[in-house]
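In UniProt numbering, the protein residues as written are 1 to 242.
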Amino acid sequence: MTTSSTKGKAWSQKEDETLCKAYRWVLEDSIKGISQTSEGSWTRTSKKYYEFYKGTIPPNPRNHESCSSQWKKQLHPRLNKWNQALIKAERRHASGANLYDEVRQVEQLYMDDMEIPFTHQGYWEICKGWVLFRDPPQEKFGTTPLIGNVSSNTIGDEEARKLKEEGKENEELAFREKMATSLRLMAEQNAITVEERKWRHEEQAKQIQEEMNDRNMERDTTIMTPMSMAHFERKKRNIMAR
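This is the structure in structure tokens:
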């Protein structure tokens with residue numbers, strides 16, 4: 001049972017990213033492989049989560065149940081929908097298409113399904129290329145040996161088919177990598193734009209304040225009523241004290 005200390009504690013971005021790293025590491029562990037039970041894999045994920053958490057001890061205790069719940073209810077559904085949007089966009093990809101338009105198409109496909117924008121680029125950078133997000137999702141644990149009397153033509157056809165599938169898979173992965181990189185760059189550019197806009201607003205506000213201060217310093221208080229004179233003299237003293 002999830003402890004009361006675990007319930008109601010929202011996961012931070014750093015916690016989510018650490019969980020993605022830990023769970024991927026556990027599932028791709030070549031020593032354990034597919035011999036792990038579901039509960040066993042989440043127990044290991046919880047332990048690996050604490051190992052991977054950089055800096056300090058995680059702010060909230062996360063046991064195997066809370067890790068499993070966060071992945072299954074929050075992270076995997078969103079990452080899977082994003083992966084599906086990338087796959088759909090790749091299938092609609094036209095030669096010579098504008099990359100900006102393709103990126104917008106991926107974002108729109110995700111919005112159509114989830115009704116909210118995708119804001120987990122950092123998580124996707126950790127999970128992209130994982131077998132859980134192949135087309136279709138799959139797990140590969142070595143090749144199946146050929147049994148019986150199989151002709152050389154059949155073997156050759158099978159090898160050709162596998163090479164063709166691998167080539168298609170590599171093309172799709174390359175496309176999704178390109179899209180992910182473009183989206184990350186756009187997000188970084190948007191962050192820079194926000195900072196620049198904030199800086200301009202601050203500079204504009206500072207300039208307006210300086211102009212108001214100049215006008216207040218130039219006011220002739222000798223022609224004012226005693227109350228107004230006291231008010232503006234106080235303003236002048238405050239301005240000079242800055």
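By construction, the Cβ of each residue, glycine as well, lies at the ideal position given by its N, Cα and C atoms.
None of the values given here were measured: they were computed from a predicted structure.
Classify residue i: buried if its beta carbon has 16 or more other beta carbons within 10 angstroms, exposed otherwise.
| i | result |
| --- | --- |
| His-231 | exposed |
| Arg-215 | exposed |
| Val-106 | buried |
| Val-26 | buried |
| Asn-149 | A caution first: Asn-149 carries a pLDDT of 46, below 50, which makes its placement in the model too unreliable to give a value. |
From residue i to residue j, what distance separates their C-alpha atoms?
| i | j | result |
| --- | --- | --- |
| Cys-67 | Gln-204 | 47 Å |
| Met-229 | Glu-211 | 20 Å |
| Asn-80 | Lys-88 | 12 Å |
| Lys-236 | Pro-59 | 49 Å |
| Gln-108 | Lys-198 | 27 Å |
| Gly-129 | Asp-101 | 23 Å |
| Met-227 | Glu-202 | 33 Å |
| Arg-91 | Thr-43 | 38 Å |
| Arg-242 | Thr-225 | 26 Å |
| Ile-57 | Met-217 | 54 Å |
| Ile-239 | Glu-233 | 10 Å |
| Lys-9 | Pro-117 | 23 Å |
| Phe-133 | Pro-77 | 11 Å |
| Gln-207 | Glu-28 | 57 Å |
| Pro-61 | Gln-13 | 15 Å |
| Arg-200 | Arg-219 | 29 Å |
| Gln-36 | Gln-74 | 23 Å |
| Arg-104 | Ile-126 | 22 Å |
Less than 7 Å between the C-beta atoms of residue i and residue j, yes or no?
| i | j | result |
| --- | --- | --- |
| Gly-122 | Glu-15 | no |
| Ser-46 | His-64 | yes |
| Gln-70 | Trp-124 | no |
Query raised in the report: Are the segment 45-63 and the segment 14-32 in contact at 8 Å, needing three or more beta carbon pairs?
Result: yes
Query raised in the report: How do the segment 80-95 and the segment 106-120 stand: do at least 3 beta-carbon pairs fall below 8 Å, yes or no?
Result: yes
Query raised in the report: Fully enclosed by the segment 62-122, which alpha helix (DSSP H) runs are 4 residues long or longer?
Result: 64-70, 76-92, 99-114
Query raised in the report: Along the chain, which unbroken stretches of the alpha helix (DSSP H) at least 4 residues long are found entirely within the segment 9-61?
Result: 13-27, 38-52
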